[in-house]
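For what it's worth, the working numbering labels the leading residue of the sequence shown as 258, then goes sequentially.
Ideal placement from N, C-alpha and C gives every residue a C-beta, glycine not left out.
Down below is the structure, laid out as C-alpha cells.
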Amino acid sequence: MIDLYLMRHGIAANLGEGGILNDADRPLTLDGRTRMKQAAAGIKKLEIKFNVILTSPLLRARQTAEAVAEVLDLQHRVKILESLAPGKAFIEGEGQNAEIFLELGSYQFDKALLVGHMPDLSELASYLLTGNRNLNIEFKKGTICAIEVTSLPPRGPGLLCWQMSPKQLRFLGR
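So, in C-alpha cells, the structure goes:
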C-alpha cells in the first residue's frame, strides 16, 4: 500500500503586497508560517513517517513544506516536484499517463507528503479516489488529507483515510 498525504499550502501574501508581481513569488505570511508550524505539530502527533516531502516549486508551497519538514526534522527529505505547480499535474496527459504519476514514479516511498495548490489537489484527490477529476474535494489553506492507494498510477479506487483542517491539526498539536 502507498499512503499519499495531500496538503494545500498555508496562508500567503497577496499579489501586489510588498511589491510581489508574480504569483510564483508569493511567500507565506508570518501568520501563515506560524500556523503551518502549529499544524505540523499536529501531524507530528499522528506519528506519520514520511519517506519524502514533495512540493510545488512555487514559493508558498516550498515554505509550507519546509515548515512542516522543520517540525518533523525531515528537512533533508524535501524535494521539488514540478507537476505539483498549478495546472501541471494533468496537463501532459490524462489518467494513468498524467505527469504527476510519471514524476511520482521516480521516487521510492510508501508514505509521501505532497504540498500543492487548488484546484489541482482537489483534482488529484478525486482521481486517486474515483478515477476521474470531478469529485470537488475542498482543501482550505493548510488542509491535509490521507489517501491510500495500491499502486501509482492507481489501478483502482483509493481509500480516503481522513482529512483535517489546519485548525484541527493545530488543536491536535497542542
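In the three-state reduction of the DSSP assignment, Y364 falls in the coil class, being assigned neither a helical nor a strand state. Within the DSSP bridge table, the entry for I337 names T312 as partners. A318 sits away from R290, with the two beta carbons spaced by 8 Å or more. Apart from sequence neighbours up to five positions away, the residues of its chain that approach L316 with a beta-carbon distance below 7 Å are A281, D282, R283, P284, ordered along the chain.
With respect to the 8 Å criterion, L385 and L287 are not classified as neighbours on the basis of their beta carbons. Residue environment for G352: exposed (fewer than 16 other C-beta atoms within 10 angstroms of its C-beta). Collapsing the DSSP output to three states places L331 in coil. Ranked by Cα distance from N391, the options P376, K398, T400, K306 are led by P376. Counting C-beta atoms within 10 angstroms of its own C-beta, L416 has fewer than 16 neighbours from the protein chains shown and is therefore classed as exposed. Around the beta-carbon of G275, fewer than 16 other beta-carbon atoms lie within 10 Å, marking it exposed. Here C418 is not bridged, per DSSP, to any residue. If you check the CB distance, K306 and V328 do not come in under 8 Å.
Less than 8 Å divides the Cβ of F366 from the Cβ of N308. Residue ranges of uninterrupted beta strand (DSSP E) with 3 or more members, entirely inside the region 381–413 and ordered along the chain, are 401–406. According to the DSSP assignment, R265 belongs to the beta strand (DSSP E) that extends over 259–265.
In this structure, DSSP gives G373 an extended state, which the three-state scheme calls strand. Around the beta carbon of H374, 16 or more other beta carbons lie within 10 angstroms, which makes this residue buried.
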